[in-house]
Amino acid sequence: MLLVLPLYVDAFWLNMGAFAFAAAVGAIGLTVLYGRVGQLSLAHSFFLAVGAYGYIFFASDPEDGAWGAGLPPLPAAVAAVCFSAVVGLAFSPVARRLKGISLGVATLALIFIGEHVFYALPELSGGYNGRTVPDLAVGGFEIVGDDPGIVLAGVEFGRPERLWILCGLVLMATAAFTTRVLESRIGRAYAAVRDGESHAAALGINPSRVRSSGFMFGSVLAGISGILLAVAFRRTVPDYWTLTLSLQYLAMVILGGLGSVRGAIGGAAFVTAIPLLLQRYGAVIPGLSTGPGAAFPPSVVAQLVFGILIVAVLWADPRGLAHTLGRLRRAR
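In my numbering, the protein residues as written are 53 to 384.
Shown next, in the form of structure tokens:
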């Protein structure tokens, strides 16, 4: 599927799919944290930004006042993921003590701290103008790029095709690994703490330690997602990593179904695709304008659609679309 689809679709669909794959990696981390551990985090965009700017710092050369470690791209990506884990671990004492909505409110501080740091340190983020993201490459081979040229079945595999394959492979590995974790002893501990801490403690489970590990797990997947998104964008600005992005990820996991890996992937695909599709085909919808200064631009319409769908899905089945589709499949 990953190799066949680029032979038949154009760059728009491949780029949209790559963005959806990258977002799904972060959505899986949030659905584990919120749906399986029961910890609400509104700072998911902060950890996405940590992964993105961590990769930019480690992979960039220090020049023109910009910070950089000058590492090769792949070691830089590994270092950025490790850095995301360290930041998640640093916040884990708060996750140990708080739970539910209390943790959600506490994580808002990370959003505001992140926005201040990114604007106050233009050497790291590039400030309002943003910063160019180094391409992923191994030696002279660009994992995401056009050099050297690759032709398969008469189709040139350039940047859109390679980005599609990279994000798809990372998503498949993330989904498989997360599924194994949730089916293991760790996953059962997550569910036990979510369902009742007193019963979990009676079984010998340390709820504080479980909440802390779940928070770090989510931050690591968010860091990986941030790296993929940064590479896909090719240039990042601090305005993107805001509370609005965190709420979009929350919409992904609620629509798909809390605690469901497949639901997180489906929710991420839907939330990512709607604005892009409205941007491209919005002219055919009466009253929708894609021009500057429009009363109902695609981003606003997409937010309205998300809100209506969240209410409709929760009204029909609080466990999300994944559970609804599974119930219909069993009934049929």
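All residues carry an ideal CB built from backbone N, CA and C; glycine is no exception.
Asked: For L66, count neighbouring Cβ atoms within 10 angstroms of its own Cβ and tell me buried if that reaches 16, exposed if not.; Found: buried
Asked: Using 8 Å as the cut-off, classify the Cβ of R261 as near or not near the heavy atoms of the ligand SAM, replying yes or no.; Found: This structure does not include the ligand SAM; it has no bound ligands of any sort.
Asked: Just checking, does the segment 224-239 make contact with the segment 58-72 on the three C-beta pairs under 8 Å criterion?; Found: no
Asked: Please work out which residues of its chain come closer than 7 Å, Cβ to Cβ, to P290, disregarding the five sequence neighbours upstream and downstream, and give them in chain order.; Found: E167, F170, Y171, S177
Asked: Rounding to the nearest angstrom, what Cα-Cα distance links M224 and S277 in this structure?; Found: 13 Å
Asked: Helix or strand or just coil, what does DSSP make of V203?; Found: strand
Asked: Rounded to the nearest angstrom, what separates S264 and Q331 at their Cα positions?; Found: 40 Å
Asked: Starting from the Cα of A274, find the closest Cα among P127, A131, S136 and give me that residue.; Found: S136
Asked: Nearest to L160 by CA position, among T294, L173, V305, R379, is which residue?; Found: T294
Asked: Rounded to the nearest angstrom, what separates I153 and Y86 at their Cα positions?; Found: 11 Å
Asked: Is it buried or exposed for V262, if we count other Cβ within 10 angstroms and need 16 for buried?; Found: buried
Asked: Measure the CB-CB distance between R132 and V157 and report whether it falls below 9 Å.; Found: Checking the displayed sequence, the identity of residue 132 turns out to be Ala instead of Arg. For A132 and V157, no; Cβs fall outside 9 Å.
Asked: Measuring CA to CA, which of P125, P124, F110 is closest to A118?; Found: F110
Asked: With a 10 Å radius around its C-beta and 16 neighbouring C-beta atoms as the bar for buried, classify E115 as buried or exposed.; Found: exposed
Asked: State the beta-bridge partners of F193 as determined by DSSP.; Found: V190
Asked: Report yes if the C-beta distance between V10 and L215 is below 9 Å; otherwise report no.; Found: The shown model of the chain, from 53 to 384, leaves out residue 10, and the question about it has no answer.
Asked: Over the uninterrupted alpha helix (DSSP H) stretch that includes L54, give me the two end residues.; Found: Counting along the chain, L54 falls outside any alpha helix (DSSP H), and DSSP gives it neither H nor E.
Asked: From this set, S312, S144, G179, N181, which residue's C-alpha is nearest L82's C-alpha?; Found: S312
Asked: Output needed for L55: all residues of its chain with C-beta closer than 8 Å, excluding positions within five of it in sequence on either side, in chain order.; Found: L204, I217
Asked: Secondary structure at R286, three-state DSSP: helix, strand or coil?; Found: coil
Asked: For G106 and G319, what's the separation of their Cα atoms in angstroms?; Found: 26 Å
Asked: May I have a chain-ordered list of the alpha helix (DSSP H) segments no shorter than 4 residues that lie completely inside the segment 141-189?; Found: 153-172, 174-177
Asked: Is it the case that the Cβ atoms of A284 and A74 are separated by a distance below 9 Å?; Found: yes
Asked: Does DSSP put A132 in a helix, a strand or coil?; Found: helix
Asked: Determine the closest residue to M304 out of T324, T288, R287, Y292, with distance taken between C-alpha atoms.; Found: T324
Asked: Could you tell me the distance, in whole angstroms, from the CA atom of L123 to the CA atom of F267?; Found: 28 Å
Asked: In chain order, what residues of the same chain have a beta carbon less than 8 Å from the beta carbon of L388, not counting five sequence neighbours either side?; Found: As displayed, the chain neither begins before 53 nor continues past 384, which places residue 388 out of reach and without an answer.
Asked: Between which two residues does the alpha helix (DSSP H) holding G81 run?; Found: 63-82
Asked: Grouping DSSP H, G and I as helix and E and B as strand, with all else coil, what is A354?; Found: helix
Asked: Pick from T184, V77, L150, P125: whose alpha carbon is nearest that of S260?; Found: L150
Asked: Under 9 Å, do F143 and L162 count as touching if we go by C-beta distance?; Found: yes
Asked: Based on DSSP bridge pairs, tell me the residues matched to E115.; Found: A118
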